[in-house]
Amino acid sequence: MTDAVYPQCKIETERYLNPSTTEQILNKIAEIPGIRRIILNGPNIPQVVPYGPARGVPNPHSARGAIIVGGEEIDLRVQVGTILLELEDKDILPEIRSACESVFTTLTFSMKEGRFMRSTPTQTDYAKYGPNADAMLYGIVDPKNKTGPSILQGNK
Amino acid sequence: MAYTPQYGPGTSVVSENRRKQMNPKLAFEKMRDVNDSDIVLLLGHRAPGSAYPTAHPPLAEQGEPDCPIRKIVAPTGGAAAGDRVRYIQLVDSMQNAPCHPYQRTYVECYRYRGIDPGTLSGRQIVECRERDLEKISEDLINTNLFDPARTSLRGATVHGHSLRLAEDGMMFDMLQRCVLDGGTVKYVKNQIGEPLDKKVDVGKMMDDAWLKANTTIFHSLVGTPFRDDAEYIEYVQRIHSLRTKYGFMPVE
Chain G
29 MTDAVYPQCK IETERYLNPS TTEQILNKIA EIPGIRRIIL NGPNIPQVVP
79 YGPARGVPNP HSARGAIIVG GEEIDLRVQV GTILLELEDK DILPEIRSAC
129 ESVFTTLTFS MKEGRFMRST PTQTDYAKYG PNADAMLYGI VDPKNKTGPS
179 ILQGNK
Chain V
462 MAYTPQYGPG TSVVSENRRK QMNPKLAFEK MRDVNDSDIV LLLGHRAPGS
512 AYPTAHPPLA EQGEPDCPIR KIVAPTGGAA AGDRVRYIQL VDSMQNAPCH
562 PYQRTYVECY RYRGIDPGTL SGRQIVECRE RDLEKISEDL INTNLFDPAR
612 TSLRGATVHG HSLRLAEDGM MFDMLQRCVL DGGTVKYVKN QIGEPLDKKV
662 DVGKMMDDAW LKANTTIFHS LVGTPFRDDA EYIEYVQRIH SLRTKYGFMP
712 VE
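As given, the protein sequences belong to chains G and V, one line each in that order. Going by the working numbering, the first residue of the first sequence is number 29, and it counts up by one from there. Going by the working numbering, the first residue of the second sequence is number 462, and it counts up by one from there.
Dropping the structure here:
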């Protein structure tokens with residue numbers, strides 16, 4: 029028996045999002061029942077200067093910080109430019125589009141359907157999660173990072 | 462007949478802007494007034510008001526060898542004083558920034574002496590004697606070569622030139638050296654990312670119309686598409702063709 033293949037979609041905005049806009053769109057999306065996984069993509073913002081003459085100096089940055097999504101505090105470590113979603117069913121795509129339209133009033137965005145998340149482990153995934161890992165974890169968090177994914181309370 | 466340099470091909474506004482910036486007979490347009498001590502702060506090489514550290518004694522004291530070239534070429538102020546060699550590095554967004562790395566190197570080579578530019582895809586560094594550098598930096602920051610949002614001083618951790626802009630119009634900077642504060646862009650860190658004691662105001666970001674009219678980079682989505690400039694394409698294709706064929710038959 030083959031594993032079920034869930035539909036996925038990618039939301040890309042014209043500009044990188046502020047944490048407040050990210051919080052707004054994620055809260056709208058989190059209200060929609062039938063979303064299995066959410067990945068936030070964008071350039072990394074380190075806590076300390078990673079290299080150069082100022083290496084090790086703290087790096088205050090307004091795009092990094094905590095946001096509250098569905099009552100859960102999420103530590104935002106990237107400047108969000110792409111949101112990947114895995115859905116249980118394609119039927120909720122119009123709801124996701126209307127959520128985006130209500131939040132991205134000053135920005136254009138694109139929404140694409142396809143396969144965007146990893147389905148097989150990379151060598152690093154294998155080293156971190158082992159041979160019998162939950163496939164839900166692949167690609168959902170940077171495997172080199174020590175933190176794990178955030179889990180939102182389901183609303184089904 | 463005297464030779465008149467053309468500086469570059471093209472009929473588009475982008476190529477015209479490139480020529481204007483390169484031509485040393487045309488002065489840059491002054492856009493803002495960041496003072497000397499603020500520029501020294503941004504560069505981060507010495508404390509404002511402190512003496513210039515030296516790499517060697519002043520040339521007048523040092524005793525120069527008898528050399529015909531030294532008699533022809535006058536040293537720059539920094540070289541004569543024996544200043545250290547220091548740098549400024551700027552990153553230019555692909556989204557209609559007023560200047561870009563290759564262009565910067567051309568501009569500097571036409572306009573300044575005693576410099577060593579280094580050109581990369583998204584950033585351009587220029588090295589020279591410290592007091593010469595401060596004068597050049599003044600031109601690079603205070604004139605139409607600079608936009609506070611889409612040009613950025615970054616000595617290290619430069620990623621961002623090819624990315625989308627942030628919601629507020631600023632180019633992505635992992636170290637957020639400058640922030641939009643009360644309508645103007647203020648630097649809170651120096652070019653290598655060390656926090657500054659005071660914010661350095663570099664003025665308002667330029668609007669999209671100004672950037673589109675003054676940019677020197679082609680962009681098919683937000684600016685002037687390269688394909689619209691037939692003369693530029695013809696020139697680039699000719700150079701490409703000659704370079705490719707050169708090893709076999711160095712004639713057209």
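Beta carbons: idealized from backbone N, C-alpha and C, even for Gly.
Residues bridged to G:Met139 [DSSP beta-bridge criterion] | Under DSSP, G:Met139 takes part in a beta bridge, and its partners are G:Ile39.
If you follow the beta strand (DSSP E) that G:Ile57 is part of, which residue opens it and which one closes it?
-> No beta strand (DSSP E) contains G:Ile57, which is instead part of the alpha helix (DSSP H) from 47-58.
Span of the alpha helix (DSSP H) holding V:Tyr693?
-> 691-706
Would you identify the three-state DSSP class for V:Ala627, choosing helix, strand or coil?
-> strand
Near G:Met29, which residues of its chain fall below 6 Å by C-beta distance, leaving aside the five closest residues on each side in sequence?
-> At G:Met29 the pLDDT is 49, less than 50, meaning the model places this residue with poor confidence and gives no usable figure here.
Closer than 7 Å by beta-carbon distance: list the chain V residues that pair up with G:Lys84, in chain order.
-> The sequence shown places Gly at residue 84 of chain G, not Lys. Near G:Gly84 there are no residues of chain V at all, since even the closest Cβ is about 11 Å away, more than 7 Å.
Are the C-beta atoms of V:Thr677 and some chain G residue less than 9 Å apart?
-> With 9 Å as the cut-off, V:Thr677 does not count as an interface residue toward chain G.
G:Val76, buried or exposed, once every other Cβ within 10 Å from all chains shown has been counted against 16 = exposed
Since G:Val108 and G:Gly70 are thought to touch, with beta carbons under 8 Å apart, how far apart are those beta carbons, to the nearest angstrom?
-> 5 Å
Enclosing alpha helix (DSSP H) for V:Gln550 [first to last residue] | Counting along the chain, V:Gln550 sits inside no alpha helix (DSSP H); it lies in the beta strand (DSSP E) bounded by residues 546-553.
Under 9 Å by beta carbon: chain G residues contacting V:Phe687 = Against chain G, a Cβ distance below 9 Å from V:Phe687 picks out nothing, because the smallest value is about 22 Å.
Count the other C-beta atoms from every protein chain shown that fall within 10 angstroms of the C-beta of V:Asn478, then say buried if there are 16 or more, exposed otherwise.
-> It counts as buried.
Report yes if the C-beta distance between G:Thr148 and G:Leu104 is below 9 Å; otherwise report no.
-> no
Return helix, strand or coil for G:Asp103, following the three-state DSSP convention.
-> Here DSSP, grouped into helix, strand and coil, assigns G:Asp103 to strand.
Could you name the residues of the region 54-87 of chain G whose beta carbon sits closer than 8 Å to any beta carbon of chain V, in the order they occur along the chain?
-> Pro71, Asn72, Ile73, Pro74, Val77, Pro78, Tyr79, Gly80, Pro81, Ala82, Val85, Asn87
Identify, in the order they occur along the chain, each residue of the same chain with its Cβ nearer than 7 Å to the Cβ of V:Gly630, setting aside the five sequence neighbours on each side.
-> Taken in chain order, the residues that qualify are Ala610, Met666.
Along chain V, which residues have their Cβ under 8 Å away from the Cβ of G:Leu49?
-> The sequence shown places Thr at residue 49 of chain G, rather than the Leu named in the question. Neighbours of G:Thr49 across chain V, judged by C-beta separation under 8 Å: Glu628.
Taking Cβ to Cβ, would you say V:Val619 is nearer than 9 Å to V:Gln550?
-> Against a cut-off of 9 Å, the Cβ pair of V:Gln550 and V:Val619 comes out as a contact.
Exposed or buried, which one is V:Pro578 when buried takes at least 16 other CB atoms within 10 Å?
-> buried
Can you tell me where the alpha helix (DSSP H) with G:Gln151 in it begins and where it stops?
-> 151-157
Within chain V, the residues that G:Leu45 reaches when beta carbons sit closer than 9 Å | Ala627, Glu628
Inter-residue spacing [alpha-carbon to alpha-carbon] between G:Cys37 and G:Phe137 | 13 Å
Between G:Leu68 and G:Pro47, what straight-line distance do the alpha-carbon atoms span, to the nearest angstrom?
-> 12 Å
Alpha carbon of G:Ala58 to alpha carbon of V:Asp497, nearest angstrom = 51 Å
Take V:Gln714 as the anchor and find which of V:His506, V:Gly616, V:Val663 has the nearest alpha-carbon.
-> The first residue shown for chain V is 462 and the last is 713, placing residue 714 of chain V beyond what the model contains.
Taking only the alpha-carbon atoms, compute the straight-line gap between V:Gln698 and V:Arg704 and give it to the nearest angstrom.
-> 10 Å
Skipping 5 residues on each side, what residues in its chain have a beta carbon closer than 7 Å to that of G:Phe144?
-> If we look at G:Phe144 and ignore the five residues flanking it on each side, its Cβ neighbours are Gln36, Lys38, Leu112.
Might you give, ordered along the chain, the residues of its own chain that have their beta carbon closer than 7 Å to the beta carbon of V:Asn675, omitting 5 neighbours on each side?
-> Asn478, Pro559, Asn605
By Cβ distance, which residues of its chain are closer than 6 Å to G:Glu101, with the 5 residues on each side in sequence left out?
-> Ala94
Please classify V:Ala463: is it buried, with 16 or more other beta-carbons within 10 angstroms of its beta-carbon, or exposed?
-> exposed
Per DSSP, cross-strand counterpart(s) of V:Gln637 | BP columns for V:Gln637 are empty, so no partner.
Given G:Lys56 as reference, the closest of G:Val169, G:Gly98, G:Lys156, G:Asp119 once Cα atoms are compared = G:Gly98
So which residues on chain G does V:Ile653 lean against when the C-beta distance must stay under 8 Å?
-> Gly80, Pro81, Ala82
Mind checking whether V:Ala542 and V:Tyr513 have CB atoms under 9 Å apart?
-> yes
When DSSP labels each residue in this structure, what does V:Ile602 get in the three-state scheme?
-> helix
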